[in-house]
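Colleague: Read in the numbering used here, the sequence shown has 144 at position 37, and its numbers run on one by one without any break.
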Amino acid sequence: MYQKNKQYKSEITEFITSMKSDNPELEKKQKLGRSILWDRNKSLVQKNDNVSHNEIKQSPYVYF
Numbered sequence: 108m109y110q111k112n113k114q115y116k117s118e119i120t121e122f123i124t125s126m127k128s129d130n131p132e133l134e135k136k137q138k139l140g141r142s143i144l145w146d147r148n149k150s151l152v153q154k155n156d157n158v159s160h161n162e163i164k165q166s167p168y169v170y171f
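(1) 7 Å is my cut-off, CB to CB: does D146 come that close to chain C?
(2) Quick check on the DSSP output: the alpha helix (DSSP H) that includes S125 runs from which residue to which?
(3) Throw me the rounded Cβ distance for the K127 and E134 pair, which I believe falls under 8 Å.
(4) CA-CA distance, L144 and K136?
(5) Once DSSP output is grouped into helix, strand and coil, what is the label at Q137?
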């Protein structure tokens with residue numbers, strides 16, 4: 108039967124580990140980027156609410 112080689116590392120895995128070791132701040136930047144996209148600030152939500160009130164309403168089916 109097939110046995111896994113536990114010492115095998117793909118080229119991509121080696122690339123990512125070397126990139127992380129060369130740039131120790133990389134994970135912090137990743138977490139900051141994710142927080143900007145996914146964690147909403149109240150000020151951003153309020154700003155988006157104000158913009159959405161000024162938009163023209165679009166009908167649900169635009170092809171009529």
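By construction, the Cβ of each residue, glycine as well, lies at the ideal position given by its N, Cα and C atoms.
On a predicted model such as this, the values are computed, not experimentally measured, just so you know.
Modeller: Well, looking at it:
(1) No chain C appears in the structure shown, which is made up of a single protein chain.
(2) For the purposes of this step, residue 125 is taken as residue 18 along the sequence shown, with counting starting at 1. Where S125 is concerned, the enclosing alpha helix (DSSP H) stretches over 118-129.
(3) As a first step, residue 127 must be located in the sequence shown, where it is residue number 20. As a first step, residue 134 must be located in the sequence shown, where it is residue number 27. Indeed they touch by this definition, with Cβ atoms about 7 Å apart.
(4) Position 37 of the sequence shown, counted from the first residue, corresponds to residue 144. Position 29 of the sequence shown, counted from the first residue, corresponds to residue 136. Those two C-alpha atoms are separated by around 13 Å.
(5) Counted from its first residue, the sequence shown places residue 137 at position 30. Helix, per DSSP.
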